[in-house]
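Peer 1:
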Amino acid sequence: MSNPSPLTEEAEAQPAFTPPLLSCLVFLTRYFEQPRSADALRAGLPEASGDFDHSLFQRAAARIGFSARRVKRPLKSISALTLPAVLELKNGGACILLEVSEKGQARLIASDDLDHEVRTDLQSLARDYQGHALLVRPRYRYDHRSQGTRIQSPRAWFWGTLARSWGIYSEVLLASLLINLLTIASPLFIMNVYDRVVPNNAIETLWVLAAGIALVFGFDFLLKTLRAYFIDFAGKRADVLLASQIFDRILGSRMEARPSSAGAFASNLREFETLRDFFTSATLAAIIDLPFIALFIGVIWLIGGPVAYVSMLAVPLVLFVGLLLQIPLGRVVRRVFRESAQKHGTLVEALSGLETVKAQGAEGSLQHRWEESAGRIARSGMTSRLLSSLTINFAGLAQQLAVIGTVVIGVYQIADGSLTVGGLVACTLLTGRALAPLGQIAGILARFHQSMTALKALDKVMKLPQERPLDRAFLHRPLLRGDIELRKVDFQYPGQSVNSLSDVSLKIGAGERVAIIGRIGSGKTTLEKLLLGLYQQTAGTIFLDGTDLRQIDPADLRRTIGYVPQDITLFFGSLRQNIALGNPHADDAAILRAAQLAGVDEFASHHPMGYDLPVGERGEGLSGGQRQAIAIARALLSDPPILIFDEPTNAMDNRSEEGFKNRLMQILPGKTLLVVTHRASLLTLVDRLIVLDGGRVVADGPREAVLQALASERVRAVQT
């Protein structure tokens, strides 16, 4: 890594490199008077190595209420009604075509200069044009007057995604129809052999029939293979889309909607596999085959007449018993779902806190909880399997009795001369084929209950309140200086009856350096979370540069703030990846600069792998001080105008802390600094102290004056 160059104000507003398609989308948001920054548009997208392609363009557009459609179209065929349009260029760039004059002159915006129009002739543009264009339009937004007449579509996220593959599913239905029609060929072949070939010794006819049925079986094999492929293809497509939607909703949800148990929540998400498999696996083929029972019974009636009554009686009987057993089976499946979530919660909790469990000798307690959950699941699972087996066994019994009944009635029909021996054999085979799907109905219904339970759980996830709802238009603030004001702010965590903050009012000017101190539980960390927009106050208003914090796009807000939390979370990957977690497009110079300021370079430079040093989950293998240094480097990487540090050096030794303070002082001029600390040594960084106690501001003023008030006990707070 080379030495970094100083960051300019323009670099603060935008990343050093903005992909061409992303730049074009930034321009279009301005053009349609719904401006967004590049950071706000790319926030949360699975962008790798700066590769912002057309699929990410379409996803980013959809998230802000725009429709984006990619078309392959000659330049001259792009209608003026669809302009402005984004053109993909052969060199990997892009531009926005605004207008084409009658004289063949194109007016456009280049992706690397959004502030100036370029005019060129259409022929020159056509030489650079790659052939694909993105047609973008803002979707129509309904105002509040239409809310009373709005018809909600429950679980549209799921059924709508499956509907995208309707073309594939229609081919599956067609293949199933042909497969079931071809199934009739085998009984008809046997009937003709018994009734025509054997009595007449028609060997030539036999070979013709055999060749025909072999050809039918070949088509049957091909159709079944194609049907399985289509189902798997649709399943893969739905899997990617649904998994993306679900995870996007989780990451975009508001913190107050966060579930209390991460393990139980993860278990519910795991049930997505059950839901997906039910609608995109062989189970779907079995469900599609059920209506064709009527087809086989109809063919039996055409061949044997009254012989079909046996199947007509067996089918509703099996269905009645199967549906009757689904009432207790549904209750058991829902109970297993909850018990599995609790068991998974225990597992995640134990794994995440394994070191504490061992240190406190709590293995026995957790083992008891685990075995208790496992025992309950085993008992419920046994009940579920028993009910399922009853349905399966009854369906098998009904099928056997139906075959016997078919033979008995068929013999009487033969005696009356209304049925041949071959016809009886064909009716017997068709009876077995007609009732065969009923043998799978128990498994299908059990999986149906599991899938519906999973769908309900996932539907709750998809309804979690979002930080950036589609119907919300945030203010675009590319540059924020750092003026902070709170007016009579109250806050209460969800499920709590006591305010964590009460009637908090204060002003912090841009460039001011402030420390927030107070007792444990006095509301210091809560105040930070409100400033970051992680939670919203229950009363009062928070302003940033005179703008209500709730009106600023969360991506713009958090790009403006460098935050070091008290509880640091590192992720599996390299040291470099952890530093650049929130800005994966940062260059080596910026990463090295942040690492040097935070003190990461002190231990990274002595390791043979340098910044490729592997970091385990939660920072396993690193000391507390090293983890803190990485968190500080993250906060400083984008050179934000506001810094919020929560106990940034509580795991550092005195030498490391002093070095960090000296380096930090070099970049503090012009930045707003908020430090939450219990260490008096960090107070030299600030000029002002705010004391919180019981969620209220009890002292606010110059550092020395507040410290003197604390020393003389004129302020009821713990001394730092």
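Residues in the sequence shown are numbered from 1310 upward in steps of one, following our numbering.
Just so you know, even glycine gets a beta-carbon here, dropped at the ideal spot from N, CA and C.
Could you tell me which residues DSSP puts in a beta bridge with Pro1923?
Peer 2: Ser1883.
Peer 1: Can you list, in chain order, the residues of its chain with a C-beta nearer than 8 Å to that of Asp1421? Leave out the 5 residues immediately preceding and following it.
Peer 2: Excluding positions up to five away in sequence, the list reads Pro1329, Ser1332, Gly1402.
Peer 1: To the nearest angstrom, how far is the alpha carbon of Leu1551 from that of Leu1444?
Peer 2: C-alpha separation (whole angstroms): 25 Å.
Peer 1: Kindly confirm or deny that the stretch 1810 to 1827 and the stretch 1986 to 2000 touch, where touching means at least three C-beta pairs closer than 8 Å.
Peer 2: Touching, yes, given that three or more Cβ pairs across the two stretches are closer than 8 Å.
Peer 1: Does Lys1652 pass the burial test, meaning 16 or more other C-beta atoms within 10 Å, or should it be called exposed?
Peer 2: So Lys1652 counts as buried.
Peer 1: Count the other C-beta atoms from every protein chain shown that fall within 10 angstroms of the C-beta of Met1500, then say buried if there are 16 or more, exposed otherwise.
Peer 2: Buried, because 16 or more other Cβ atoms sit within 10 Å of the Cβ of Met1500.
Peer 1: When you compare the CB positions of Val1619 and Thr1729, do they come within less than 7 Å of one another, or not?
Peer 2: No, the pair does not count as a contact, with Cβ atoms beyond the cut-off.
Peer 1: Going by C-alpha to C-alpha distance, which of Leu1982, Lys1412, Val1624 sits closest to Ala1704?
Peer 2: Minimum Cα distance to Ala1704 is reached at Val1624.
Peer 1: Which residues share a DSSP beta bridge with Glu1426?
Peer 2: Paired residues: Ile1418.
Peer 1: Would you list the one or two residues that DSSP bridges to Val1657?
Peer 2: BP columns for Val1657 are empty, so no partner.
Peer 1: Helix, strand or coil for Ser1495, going by three-state DSSP, please let me know.
Peer 2: Note: Ser1495 maps to helix in three-state DSSP.
Peer 1: Below 7 Å CB to CB, which residues in the same chain sit around Asn1384 once its five sequence neighbours on both sides are set aside?
Peer 2: Residue identity differs from the one stated: residue 1384 is Leu in this sequence, not Asn. Around Leu1384: Leu1431, Leu1434, Ala1435, Tyr1438.
Peer 1: Can you pull the DSSP bridge partners for Gly1639?
Peer 2: Looking at the DSSP assignment, Gly1639 forms no beta bridge with any residue, so it has no partner.
Peer 1: Locate the beta strand (DSSP E) running through Ser1814, then write down its first and last residues.
Peer 2: Run containing Ser1814: 1810 to 1817, per the beta strand (DSSP E) assignment.
Peer 1: Please check the pair Gly1791 and Thr1958, which I expect to be a contact at CB under 8 Å, by giving their CB distance rounded to whole angstroms.
Peer 2: Not really, about 22 Å apart at Cβ, beyond 8 Å.
Peer 1: In three-state terms, what does DSSP make of Ala2018?
Peer 2: DSSP places Ala2018 in helix when its eight states are reduced to three.
Peer 1: Quick check: what's the CA-CA separation for Asp1857 versus Leu1866?
Peer 2: Taking the straight line from one Cα to the other gives about 11 Å.
Peer 1: Could you tell me whether the Cβ atoms of Leu1998 and Val2015 are closer together than 7 Å?
Peer 2: Yes.
Peer 1: May I have the straight-line CA-CA distance separating Ala1848 from Pro1863, to the nearest angstrom?
Peer 2: Computed Cα separation, rounded: 19 Å.
Peer 1: Considering Pro1863, what are the terminal residues of the alpha helix (DSSP H) in which it resides?
Peer 2: Run containing Pro1863: 1863 to 1869, per the alpha helix (DSSP H) assignment.
Peer 1: Start and end of the alpha helix (DSSP H) containing Val1909?
Peer 2: Unbroken alpha helix (DSSP H) run through Val1909: 1909 to 1913.
Peer 1: Leaving out the 5 sequence neighbours to the left and right, which residues in its chain are closer than 8 Å to Glu1582 when beta-carbon positions are compared?
Peer 2: Correct list: empty, nothing qualifies.
Peer 1: Mark Met1961 as exposed unless 16 or more other C-beta atoms lie within 10 angstroms of its C-beta, in which case mark it buried.
Peer 2: When all chains shown are included, Met1961 counts as buried.
Peer 1: When we look at the beta-carbon of Asn1808 and count the other beta-carbons within 10 Å, is it buried (16 or more) or exposed?
Peer 2: With 16 or more Cβ atoms within 10 Å of its Cβ, Asn1808 is classed as buried.
Peer 1: In three-state DSSP terms, what is Ser1932?
Peer 2: Correct three-state label for Ser1932: coil.
Peer 1: Quick one: grab the DSSP three-state call for Asp2009.
Peer 2: In this structure, Asp2009 counts as strand in the three-state DSSP scheme.
Peer 1: Would you call the CB atoms of Pro1496 and Leu1754 closer than 7 Å?
Peer 2: No, the Cβ-Cβ distance between Pro1496 and Leu1754 is not below 7 Å.
Peer 1: Spatial neighbours of Leu1524 within its chain, please: C-beta separation below 8 Å, excluding the five flanking residues on both sides.
Peer 2: Excluding residues within five positions, none has a Cβ falling inside 8 Å.
Peer 1: Report the residue from Val1642, Ala1898, Gly1968, Asp1348 whose alpha carbon sits nearest the alpha carbon of Met1761.
Peer 2: Among Val1642, Ala1898, Gly1968, Asp1348, the Cα nearest to that of Met1761 is on Val1642.
Peer 1: Are the beta-carbon atoms belonging to Ala1942 and Ala1907 less than 7 Å from one another?
Peer 2: Against a cut-off of 7 Å, the Cβ pair of Ala1907 and Ala1942 comes out as a contact.
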